[in-house]
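Heads up, the thing below is written out as structure tokens.
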Amino acid sequence: MPEGDTIFRTATILRRALAGRVVTGFELVAPKITHAASRRRIVGGTVKAVESNGKHLMITFTTDGEDVVLHTHMRMTGQWHVYRPGERWWFAPTKARVVIRTDAYVAPCETPPVVELMTASEVAMHPVVPELGPDVIADDFAEDEAVRRLRAQPDREIATALLDQRTVSGIGNEIKNEALFLARMWPWTKVADLDDATLRRVLAVSRDLLRRNRDGGPRRT
5 MPEGDTIFRT
15 ATILRRALAG
25 RVVTGFELVA
35 PKITHAASRR
45 RIVGGTVKAV
55 ESNGKHLMIT
65 FTTDGEDVVL
75 HTHMRMTGQW
85 HVYRPGERWW
95 FAPTKARVVI
105 RTDAYVAPCE
115 TPPVVELMTA
125 SEVAMHPVVP
135 ELGPDVIADD
145 FAEDEAVRRL
155 RAQPDREIAT
165 ALLDQRTVSG
175 IGNEIKNEAL
185 FLARMWPWTK
195 VADLDDATLR
205 RVLAVSRDLL
215 RRNRDGGPRR
225 T
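Using the working numbering, the letters of the sequence shown map in sequence onto residues 5 to 225.
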């Protein structure tokens, strides 16, 4: 499953290609669409923002003066692509569940398990997104809040707690394993048995590993 650094880089690429551009085509296959969002016309609107939060990617469109948000999660199978109009895709077009078209770029998303369209006001009522923990790769990572959320589950093993996206967002199995190894921490240690300095150390190592891969190039861990 892509971890937070991969989704951060994906959001950066999509933002550079799409942000500020008028949507000339918008296709969805079997999405989950709220009633309010279904009444908004995306074509003719503008791509306002492309943002990542951990493993979640959100694209905001402004249409008729209102914001509509496309939420995707890649899990094990999904991948966003960016092409020039007319350029041959690297995958079968029948596998695309989302296609965003502008005058300059085409952005299809290949086999994402989660595709949801909602109004901006409905994001706060989403069952997952509002509950996400601090994004460990973000410039404004709220370390104190992440420690507080870890402390709220004292009986969990640290390896399990780090993977809970409601505690800290963006860490997957690969980064979790590397961070615990580099921090010289036994994965099955209970959170209650770790002091704050140790929790901050493993968060700092996780953050460093993810931020190494924010700006492109071969992925490093």
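Glycine is no exception: its CB is placed at the ideal position from the N, C-alpha and C atoms.
Provide the residue(s) that pair with K36 in DSSP beta bridges, ordered along the chain.
-> E120
What is the DSSP secondary structure of P134, counted as helix, strand or coil?
-> P134: helix per DSSP, three-state reduction.
Hey, P191 and A163 are a contact pair by Cβ (cut 8 Å); roughly how many whole angstroms apart?
-> 4 Å
Compare the C-alpha of D144 against each of N181, R79 and R211 and name the closest.
-> R211
DSSP puts L74 in a beta bridge; with which residues?
-> I63 and L121
CB of I11 within 8 Å of CB of L74, strictly = no
By a C-beta neighbour count over all protein chains shown, 10 Å radius and 16 as the cutoff for buried, is E120 buried or exposed?
-> buried
Are T171 and L184 closer than 8 Å when you measure CB to CB?
-> Remark: C-beta atoms of T171 and L184 do not approach each other more closely than 8 Å.
Helix, strand or coil for T28 per DSSP?
-> T28: coil per DSSP, three-state reduction.
Kindly indicate the opening and closing residues of the alpha helix (DSSP H) around K180.
-> N177 to L186
My guess is that I179 and L213 are in contact by the Cβ rule of under 8 Å, so how many angstroms apart are they, rounded?
-> About 5 Å separates the two Cβ atoms, so the contact holds.
Please report the Cβ distance between T3 and E161, rounded to the nearest whole angstrom; I am assuming they are in contact, meaning their Cβ atoms lie under 8 Å.
-> Since the displayed the chain opens at 5 and closes at 225, residue 3 lies outside it and no answer follows.
Would you mind reading off the limits of the beta strand (DSSP E) that contains S56?
-> Boundaries of the beta strand (DSSP E) harbouring S56: T50 to N57, taken from the DSSP string.
Can you name, in chain order, every residue of its own chain whose Cβ lies under 7 Å from the Cβ of A108, other than the five neighbours on each side?
-> Counting only Cβ-Cβ distances below 7 Å, and skipping sequence neighbours, we find R25.
Exposure of N177, with buried meaning 16 or more beta-carbon neighbours within 10 Å | Its Cβ having fewer than 16 others within 10 Å, N177 is exposed.
Drop a sphere of 10 angstroms on the beta-carbon of W84, count the other beta-carbons inside from all chains shown, and report buried for 16 or more, exposed for fewer.
-> So W84 counts as buried.
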